[in-house]
Amino acid sequence: MIGIPGFILDFFAALMLLVAAVSAARLALDRPWHRGLMNADVDGAHVLMGIAMAGMLVTSLSTLPNGVWTVIFSVLTAWFVWCVYRESRGGGVRVLMDSHHAPHLVHSAAMVYMFAAITTPAAGHGSGMAGMGGAGGAMPTLAVPGLAFIFAILLAGYAVVDLDRLSGPALHASYLPAVSAAPAGVPVAAAATGSGITSPGPVPAAATRPEGVATLPEQAASPPPPAGARGHGGGPFRDLLLNPRTAAVCRIAMGVTMAFMLVIMI
Amino acid sequence: MSNIAVAGGRATWRGRLRAEGVWQPPDTRRVLQLALAAVWLLDAVLQYQSFMFTKAFGQMLAGTAAGNPSVIAGPIGWDARLVEHHAVLINTIFATTQLLLALGIAFRPTVRAALAASIVWSLGVWWFGEGLGMVLTPSASPVNGAPGAVIIYALLAVLLWPSDRHAATAPFTAARAVGVQTAQVLWLVLWGSLAYFALLPGNRAAQGLSGMVGGMAGGEPGWLASLDNHAASLLAHQGLAASIVLAIALAVIAVGVYLPAPAARATVVLAIVVAALIWIFGEAFGAILAGGATDPNSGLLLIVLALAYWPARKVPAATAPAAAGPATHEAAEEGATP
């Protein structure tokens, strides 16, 4: 049996490592220890998922045993469950599309599923799972393939919705946590220099997010950054990295790659 | 196209990306476009399965020539041999093209180009990959995917085209770009042809539908195989009665689009139910769970199509936006999503 051509797996693995690198850079530049952990969980999750998925795609890139990854992503899933629960209070089912953390919950849960349900073929070796284009072309498969199908549909749905929100004239509120530290009364656009985020006007301290551009209530209540903390305006490269659209692009790349992996292992 | 025009176009969509404004929630048509994009994305990742990079994919394509007239079958055979000999290269192009179509439809500045490309691509695949959905053969059946999933992609691209030439009079989303009459005729032809296929001799045979449904169980997970086997048992020796009931239901759906709004809504609901039954029992979710599927098959797309024909609630003119241009998300149909 011939597996998927190596160059395709290499491409997706490289894409995942790029996502991990960009997310790591965002973590370093955003200084979550100064600005609060508002986005650190998402970028941190992207770093971990990027490394783990690259290892699944290409054997030589695998880093940790499956059991360890399962535990890591189980913890991450539990964290995102908590975040979504917090965001959903008063929001109901609609939060599943509008919440900042819901897509990340699906991504984390899909990772848990992949690592827990994978059936490694006999030809596979290594510290992690056999690469998908592994020796002899033996392709790992997933137990409970119905779950893989459901996750693939959800991931495809979130990817296209993300792309739609990303390409509109203004960003959806769920992308806004990166600018959450804007002081009360300061226009969101002013706090997100170079981010492309716009707001109809000053955001009151008790801002709500009815449909579009506004901060989440808990974000509006966040304290302003310390006096010593630098803003986002530090050059085009830095602005590009810290732009919420960059995080969204990472999420789309991750969602598409994850859907690809789930389907080819059915 | 001149360089100036190209540069202008780039500036326009880049400008739109940077433009200040308020995020606009997608209207019904945009939601359906995104559903179409998601199905294309699913289609693309299915195309990346290892099976597709083998000679078996070419042989599968060759199989669609059987029963077709020679003028149709000849090019399919040529295409299948080409795929067999260059499976890796050609399938990589196929899968990547479908991935780009999905991303293009989801990305607002490229939605028109991607929808136009998807129509061309779908028509090509309908012929060379699906043998025109087998509609010219005696084995065509609404239960096994006729008239071909990919032609419904093309139909959706036409009906969901981001134009509002007929928005003022459109009672449902599908009529906004092509007009009420064209949309109604397309619906009538599609569902009417399905009713016709249901009555073909192969489907009327005592074990026709039963064999078709039971045949989908192979390779499926236990729960789905069990569903298929139970459905096949129910249909055993009931081919004629089952095909007549199915044909009547499909015919009612076909004419439902001409009925007043309450009755039209009922037939759209019936269309969704029938499409879901076809997708689950007749197509086993496109046989995706068995591996080797090239697309989710027609049932899912018929559901998306039916949603595009859901009669919208009337919005008083005073509350509708005055200047709803083609690029905006019209509020006139907000709340029309069922």
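As you go down the protein sequences, you meet chains A and B in turn. Offset between the first sequence (1-based) and my numbering: plus 9. Offset between the second sequence (1-based) and my numbering: plus 518. Glycine residues also receive a C-beta, built at the ideal position from the N, C-alpha and C atoms.
Would you mind working out which of the options sits nearest residue i, comparing C-alpha positions?
| i | options | result |
| --- | --- | --- |
| L764(B) | E738(B), L727(B), P778(B) and R831(B) | L727(B) |
| I611(B) | A87(A), I81(A) and I17(A) | I17(A) |
| I261(A) | G12(A), F21(A), I127(A) and I13(A) | F21(A) |
| G883(B) | P719(B), V549(B) and V661(B) | Since the first residue shown for chain B is 519 and the last is 856, residue 883(B) is missing from the structure and cannot be characterised. |
| F575(B) | G740(B), A793(B) and V606(B) | V606(B) |
| S761(B) | M652(B), G585(B) and A724(B) | A724(B) |
| A512(B) | L678(B), L788(B) and A754(B) | Not covered by the structure: residue 512(B). The range shown for chain B is 519 to 856. |
| L825(B) | W741(B), A782(B) and G800(B) | A782(B) |
| L752(B) | Y566(B), A555(B) and G732(B) | G732(B) |
| A624(B) | G166(A), G59(A) and N252(A) | G166(A) |
| A37(A) | V272(A), F89(A) and L251(A) | L251(A) |
| A168(A) | R98(A), V153(A), I127(A) and T266(A) | T266(A) |
| L114(A) | V84(A), S176(A), S32(A) and A23(A) | V84(A) |
| A713(B) | V601(B), A772(B) and R694(B) | A772(B) |
| L617(B) | H603(B), W639(B), R599(B) and V707(B) | W639(B) |
| V121(A) | A30(A), S32(A) and A157(A) | A157(A) |
| V51(A) | C92(A), N75(A) and P245(A) | C92(A) |
| L823(B) | V792(B), P656(B) and R831(B) | V792(B) |
| M148(A) | H110(A), M274(A) and L163(A) | M274(A) |
| E33(A) | G12(A), L24(A), L57(A) and F89(A) | Residue identity differs from the one stated: residue 33(A) is Ala in this sequence, not Glu. Ranking the options by Cα distance to A33(A), first place goes to L57(A). |
Below 8 angstroms on C-beta distance, what does residue i contact in chain A?
| i | result |
| --- | --- |
| V606(B) | P14 |
| I806(B) | F158, V272 and I275 |
| L560(B) | A161, I162, A165, A268 and V272 |
| G729(B) | Result: empty, since nearest Cβ-Cβ is about 24 angstroms, beyond 8 angstroms. |
| T610(B) | P14 and I17 |
| F575(B) | Chain A residues near F575(B): none, gap ~11 angstroms exceeds 8 angstroms. |
| G690(B) | The sequence given here has Phe at residue 690(B), not Gly. Near F690(B) there are no residues of chain A at all, since even the closest Cβ is about 22 angstroms away, more than 8 angstroms. |
| F803(B) | F158 |
How about residue i: is its C-beta nearer than 9 angstroms to some C-beta of chain B?
| i | result |
| --- | --- |
| L225(A) | Note that L225(A) scores 34 on pLDDT, short of 50, meaning its location in the model is unreliable; the coordinates nonetheless yield the value given after this. So no, L225(A) is outside the interface. |
| I273(A) | yes |
| I17(A) | yes |
| V265(A) | yes |
When you measure from the CB of residue i to every non-hydrogen atom of the ligand NAD, does any distance come out below 8 angstroms?
| i | result |
| --- | --- |
| Y122(A) | In the structure on display, the ligand NAD does not appear, and there are no ligands present to speak of. |
For residue i, name the three-state secondary structure that DSSP assigns.
| i | result |
| --- | --- |
| I13(A) | coil |
| L151(A) | strand |
| T129(A) | coil |
| A683(B) | In the sequence as presented, Ala is not what sits at residue 683(B); that position holds Arg. Three-state result, R683(B): coil. |
| V653(B) | coil |
| A583(B) | coil |
| F690(B) | coil |
| S176(A) | coil |
| F569(B) | helix |
| W828(B) | coil |
| F625(B) | coil |
| E517(B) | Summary: the structure shown does not reach residue 517(B), with chain B confined to residues 519 through 856, and so no result is reported for it. |
| G809(B) | coil |
| Q616(B) | helix |
| L678(B) | coil |
| D561(B) | helix |
| Q542(B) | coil |
Taking Cβ-Cβ distances shorter than 7 angstroms, what residues in chain B pair up with residue i?
| i | result |
| --- | --- |
| F269(A) | V563 and Y566 |
| M2(A) | In this structure chain A extends from 10 to 275, so residue 2(A) is not present and cannot be described. |
| V170(A) | L552 |
So which residues on chain A does residue i lean against when the C-beta distance must stay under 9 angstroms?
| i | result |
| --- | --- |
| P627(B) | S176 |
| F799(B) | Chain A residues near F799(B): none, gap ~16 angstroms exceeds 9 angstroms. |
Residues of chain A with CB closer than 7 angstroms to the CB of residue i, please, in chain order.
| i | result |
| --- | --- |
| P544(B) | D173 |
| G817(B) | By Cβ distance, chain A contributes nothing, its closest Cβ being about 14 angstroms from G817(B), past 7 angstroms. |
| P739(B) | P154 and G155 |
| A624(B) | V169, L172 and D173 |
Within 9 angstroms of any Cβ in chain A, is that where the Cβ of residue i sits?
| i | result |
| --- | --- |
| A556(B) | yes |
| L552(B) | yes |
| T615(B) | no |
| R683(B) | no |
| G809(B) | yes |
| A620(B) | yes |
| L777(B) | no |
| L708(B) | no |
| R548(B) | yes |
| L742(B) | yes |
What residues from chain B crowd round residue i, counting only those whose CB sits closer than 9 angstroms?
| i | result |
| --- | --- |
| V67(A) | Under the 9 angstroms cutoff, chain B gives no residues; its nearest Cβ is about 15 angstroms from V67(A). |
If you measure from the beta carbon of residue i to each beta carbon in chain D, is any gap under 9 angstroms?
| i | result |
| --- | --- |
| G729(B) | Looking for chain D here will not work: the only protein chains present are A and B. |
- Item | Every unbroken alpha helix (DSSP H) within the region 38–91 of chain A, with a cutoff of 4 residues, ordered by chain | Segments of the alpha helix (DSSP H) lying fully in the region 38–91 of chain A: 41–44 and 49–66.
- Task: Could I get the ranges of all uninterrupted alpha helix (DSSP H) runs contained in the region 703–788 of chain B, with 4 residues as the minimum, in chain order?
- Result: Those alpha helix (DSSP H) runs which fall completely within the region 703–788 of chain B and span 4+ residues are 719–722, 726–732, 740–753 and 757–774.
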